[in-house]
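Remarks on the structure that follows.
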Amino acid sequence: MTGPTSIIYLEDVTVNFDGFKALSHLNFFMDRRELRVVIGPNGAGKTTLLDVVSGRVKPESGRVIFGHHTDLLHLRENEIAQLGVGRKFQTPSVFVNLSVWDNVELSLSRASKGVLAALFERDAEEARARIAQTLDTVALGAKANWKAEALSHGEKQWLEIGMVIAQDPELLLVDEPVAGMTDEETARTGELLEAIAADRSVLVIEHDMEFVRQIARKVTVLHQGTVLCEGPVEQVQNDPRVLEVYLGRRREAGDAVR
Amino acid sequence: MRRRETLALAAAAIVLAVVLPICNALPAESPLAISNFTLNLFGKFLTYAILALGLDLLWGYAGVLSLGHGVFFGLGGYAMGMHLMLEIGAKSVYQSALPDFMVWNQVTALPLFWKPFHSAAFTLAAIVLVPALFGLAFGYLAFRSRIRGVYFAIITQALALSAWLVFNRNEMNLGGTNGLADFKTIFGFPLSQPGTQRALYVVTAVTLVAAYLLCRWITLTRAGKVLVAIRDSETRVLFSGYSPAGYKLFVFVVSAVLAGVAGALYAPQVGIITPAKIGVLPSIEMVVWVAAGGRGTLYGAVLGAFGVNWIQSWLTTSYPDVWLLFLGALFMGAVLFFPDGLIGALGRLGARARRLIAKPPETISVQSIGNKSLDTAHLSQATHVMSRPPRSDK
Numbered sequence: 002m003t004g005p006t007s008i009i010y011l012e013d014v015t016v017n018f019d020g021f022k023a024l025s026h027l028n029f030f031m032d033r034r035e036l037r038v039v040i041g042p043n044g045a046g047k048t049t050l051l052d053v054v055s056g057r058v059k060p061e062s063g064r065v066i067f068g069h070h071t072d073l074l075h076l077r078e079n080e081i082a083q084l085g086v087g088r089k090f091q092t093p094s095v096f097v098n099l100s101v102w103d104n105v106e107l108s109l110s111r112a113s114k115g116v117l118a119a120l121f122e123r124d125a126e127e128a129r130a131r132i133a134q135t136l137d138t139v140a141l142g143a144k145a146n147w148k149a150e151a152l153s154h155g156e157k158q159w160l161e162i163g164m165v166i167a168q169d170p171e172l173l174l175v176d177e178p179v180a181g182m183t184d185e186e187t188a189r190t191g192e193l194l195e196a197i198a199a200d201r202s203v204l205v206i207e208h209d210m211e212f213v214r215q216i217a218r219k220v221t222v223l224h225q226g227t228v229l230c231e232g233p234v235e236q237v238q239n240d241p242r243v244l245e246v247y248l249g250r251r252r253e254a255g256d257a258v259r
Numbered sequence: 005m006r007r008r009e010t011l012a013l014a015a016a017a018i019v020l021a022v023v024l025p026i027c028n029a030l031p032a033e034s035p036l037a038i039s040n041f042t043l044n045l046f047g048k049f050l051t052y053a054i055l056a057l058g059l060d061l062l063w064g065y066a067g068v069l070s071l072g073h074g075v076f077f078g079l080g081g082y083a084m085g086m087h088l089m090l091e092i093g094a095k096s097v098y099q100s101a102l103p104d105f106m107v108w109n110q111v112t113a114l115p116l117f118w119k120p121f122h123s124a125a126f127t128l129a130a131i132v133l134v135p136a137l138f139g140l141a142f143g144y145l146a147f148r149s150r151i152r153g154v155y156f157a158i159i160t161q162a163l164a165l166s167a168w169l170v171f172n173r174n175e176m177n178l179g180g181t182n183g184l185a186d187f188k189t190i191f192g193f194p195l196s197q198p199g200t201q202r203a204l205y206v207v208t209a210v211t212l213v214a215a216y217l218l219c220r221w222i223t224l225t226r227a228g229k230v231l232v233a234i235r236d237s238e239t240r241v242l243f244s245g246y247s248p249a250g251y252k253l254f255v256f257v258v259s260a261v262l263a264g265v266a267g268a269l270y271a272p273q274v275g276i277i278t279p280a281k282i283g284v285l286p287s288i289e290m291v292v293w294v295a296a297g298g299r300g301t302l303y304g305a306v307l308g309a310f311g312v313n314w315i316q317s318w319l320t321t322s323y324p325d326v327w328l329l330f331l332g333a334l335f336m337g338a339v340l341f342f343p344d345g346l347i348g349a350l351g352r353l354g355a356r357a358r359r360l361i362a363k364p365p366e367t368i369s370v371q372s373i374g375n376k377s378l379d380t381a382h383l384s385q386a387t388h389v390m391s392r393p394p395r396s397d398k
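Protein chains in written order, with my numbering: chain A, 2 to 259; chain B, 5 to 398.
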């Protein structure tokens, strides 16, 4: 079943939204310390896949196993996050009325994130060092005291990546990290993700094919809620089925013009 | 706590808890004397301020709007009122050991749930525990089902309406529409004595200071930051490993307890507690105090509760017809023009004054941070930010 190296394992997962099967008998498997990119046309079920893993959507059937044998199906989002699954949303989702520092402080991994711990615990020097280090990683060290509201779009995206890193997750789920970024920001985000993947597993959803080529070693193509094919970027790009579903629309559009 | 706030709080505490009662104890002909009536009025305002603190913690920090806090105020007020009714004993109009309204309603024996209120200790515990447990049960069901925003506001309003209906019923043995009144003594001290009223006032003022310190402490801990984070992005809080429901439940219960304590201090000072303090309208008025004073600051809530009620007591005596119009205008004005209340408006005024006083406008230096260059995308974003109003209500 799940090998010793597996970080996330989905078996025969079906998600049904009032008759629309966002995921249909999906099987998906990722190794530890793997950087995987999931691509696919709109409505292929990419974000739903992240929703299932992070607990936001409960599938109607199937199994979702994290690590060796942790069943995620009966856990709430915050419990899954505490287990070591971090999620970066597509649109930046940060706490705009808190300082950049506080944003990371709240996200920092801790034994307990309950009310009592939050009332009575004070952060040790070690925790402060981790916050500072995380801010340096995402190049926001100089803006630690800024209100997150004042950051640019790209900086908010980095802050959120920083917050997810601070959670110290074993598995990072990243939804279209470079949407709306400039080319330079995109390149730096790619470097950042590759650095993160050195000692964690990262699952990225992306539309930007150039960015996919920059970071991806292995690509999974989703289509109509199931895996269409999987493999290295070059192989996937030349797979006729992928061209059919992924570029098919463009060709049809071209045909229509002709 | 910031230095300025500590100083202001200490000054306010000394004036409210020490200076005013001393002025009240002065002989009436002294120029500094404060009448019993005024001190009593202030005592009532201070109980409202205690409630407003909890409401601000809930609404201003965690972003949870409750339109039903009159219920918790009523629970505390009725718990205290029941004890005071039993203290009257046979000194009542009908010379019966039962409260007068029970005699009218031909109730012959004290209902079972009234009996423990003979005990002062039980009453004091009930003032805290009844609102706390009720808030816990209600909040648990609501927050666990992820009812939030306007939906939560609506069900709290429904709560206020149903509680008002229940307390109005004579069958509840809580005095029906007339509520509980004609209290004679509190823990043996006659309520008609100025000394007793003064002591009640001091207890209220000290409770307010303690409540303020409690709320401020909460906002300064990491839990306080989580509350603000919930207001900003509940989803992010959830995916950061926190249970927003747990934090909202915590702050809801704290605010319910503060409301209950406020009600318990209100009943003996005003001398009556009726369902009119529980319903929809008083619950909305409480929200107006916080909105008018300024959300998310704590002192704004205190100033709002004090200020709005002071104006109310002046308007209702001088221009009784205008009061409700004024209240409506105040709420609309706060929502439309001063979303951050009196405190926010004063802050903006102060900032503008400082800018006028500061001589030449400083040249804006754009520092490129790190190796990021300032491209057109950022410039357009920057101008967009500058063209926005100073602070918008989110």
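Don't be surprised by glycine CBs; every beta carbon is placed ideally from N, CA and C. All of these numbers come straight from a predicted model, not from anything done at the bench.
Just grab the DSSP bridge partners of residue i for me.
i	result
G274 (chain A)	Missing from the structure shown is residue 274 (chain A); chain A here goes from 2 to 259 and no further.
D260 (chain A)	Absent from the structure is residue 260 (chain A), since the part of chain A shown begins at 2 and ends at 259.
E12 (chain A)	A:R64
L36 (chain A)	A:V203
M31 (chain A)	A:I9
S100 (chain A)	A:K148
Classify residue i as helix, strand or coil using the three-state DSSP reduction.
i	result
K281 (chain B)	helix
I373 (chain B)	Because the pLDDT at I373 (chain B) is just 40, under 50, the model does not fix this residue reliably, and the point stays unresolved.
H414 (chain B)	Lying before the first or after the last residue shown, residue 414 (chain B) is absent from chain B, which here runs from 5 to 398.
F21 (chain A)	strand
V86 (chain A)	strand
S196 (chain B)	coil
I368 (chain B)	Bear in mind that a pLDDT of 44 at I368 (chain B), under 50, signals an unreliable position, so the number given afterwards is only what the model happens to contain. In the structure shown, I368 (chain B) sits in coil (DSSP, three-state: anything other than H, G, I, E or B).
N79 (chain A)	helix
D186 (chain B)	coil
Y246 (chain B)	coil
L109 (chain A)	coil
F171 (chain B)	helix
I151 (chain B)	coil
I276 (chain B)	strand
Give me the Cα-Cα distance between residue i and residue j, rounded to the nearest whole angstrom.
i	j	result
G374 (chain B)	H69 (chain A)	With a pLDDT of only 40 at G374 (chain B), under 50, the local geometry of the prediction cannot be trusted, and the value read off the model is given with reservation. About 41 Å.
M164 (chain A)	F341 (chain B)	35 Å
L244 (chain A)	I216 (chain A)	21 Å
L84 (chain A)	S247 (chain B)	14 Å
L3 (chain B)	A53 (chain B)	This structure gives no information on residue 3 (chain B), because the portion of chain B shown stretches from 5 to 398.
P35 (chain B)	V306 (chain B)	28 Å
Y435 (chain B)	A249 (chain B)	The first residue shown for chain B is 5 and the last is 398, placing residue 435 (chain B) beyond what the model contains.
R57 (chain A)	R77 (chain A)	8 Å
A180 (chain A)	L223 (chain A)	19 Å
L360 (chain B)	G199 (chain B)	51 Å
W318 (chain B)	R150 (chain B)	42 Å
A188 (chain A)	V97 (chain A)	25 Å
V291 (chain B)	G80 (chain B)	18 Å
A112 (chain A)	T221 (chain A)	34 Å
L120 (chain A)	Q99 (chain B)	52 Å
Q134 (chain A)	K157 (chain A)	17 Å
F46 (chain B)	A280 (chain B)	20 Å
W102 (chain A)	L20 (chain B)	38 Å
Y65 (chain B)	I132 (chain A)	24 Å
P120 (chain B)	M84 (chain B)	12 Å
G78 (chain B)	V53 (chain A)	45 Å
A198 (chain A)	S55 (chain A)	18 Å
L169 (chain B)	L50 (chain A)	49 Å
Closer than 8 Å is the cut-off here; do at least three beta carbon pairs connect the stretch 154-166 of chain B with the stretch 63-78 of chain B?
Output reads yes: the stretch 63-78 of chain B touches the stretch 154-166 of chain B.
Touching by the beta-carbon criterion (3+ pairs, under 8 Å), the stretch 108-121 of chain B and the stretch 307-316 of chain B
no
Contact between the stretch 118-136 of chain A and the stretch 197-209 of chain A: three or more CB pairs below 8 Å?
no
Meets three-Cβ-pair contact criterion under 8 Å: the stretch 183-195 of chain B and the stretch 254-267 of chain B:
With the cut-off at 8 Å, the stretch 183-195 of chain B and the stretch 254-267 of chain B do not touch.
Which parts of the stretch 288-337 of chain B are runs of the alpha helix (DSSP H), unbroken and 4 residues or longer, counting only runs that do not cross its ends?
303-322
In chain order, what are the residue ranges of uninterrupted alpha helix (DSSP H) at least 4 long that sit wholly in the stretch 148-234 of chain A?
154-167, 184-197 and 210-216
Does the stretch 234-247 of chain B come into contact with the stretch 79-98 of chain A, if we say contact requires no fewer than three beta-carbon pairs (one atom in each stretch) closer than 8 Å?
Yes, since at least three Cβ pairs between the stretch 234-247 of chain B and the stretch 79-98 of chain A fall closer than 8 Å, the two stretches touch.
Just checking, does the stretch 293-302 of chain B make contact with the stretch 87-105 of chain B on the three C-beta pairs under 8 Å criterion?
With the cut-off at 8 Å, the stretch 293-302 of chain B and the stretch 87-105 of chain B do not touch.
Any contact between the stretch 203-220 of chain B and the stretch 36-49 of chain A? By contact I mean 3 or more CB pairs, one from each, below 8 Å.
no
Quick one: any contact between the stretch 170-190 of chain A and the stretch 145-152 of chain A, if contact means 3 or more CB pairs under 8 Å?
no
May I ask you to verify whether the stretch 256-264 of chain B touches the stretch 127-138 of chain B, counting CB pairs closer than 8 Å and requiring at least 3?
Because the criterion of three Cβ pairs below 8 Å is met, the stretch 256-264 of chain B and the stretch 127-138 of chain B touch.
Enumerate, from N- to C-terminal direction, the unbroken beta strand (DSSP E) stretches of 3 or more residues contained entirely within the stretch 34-81 of chain B.
none
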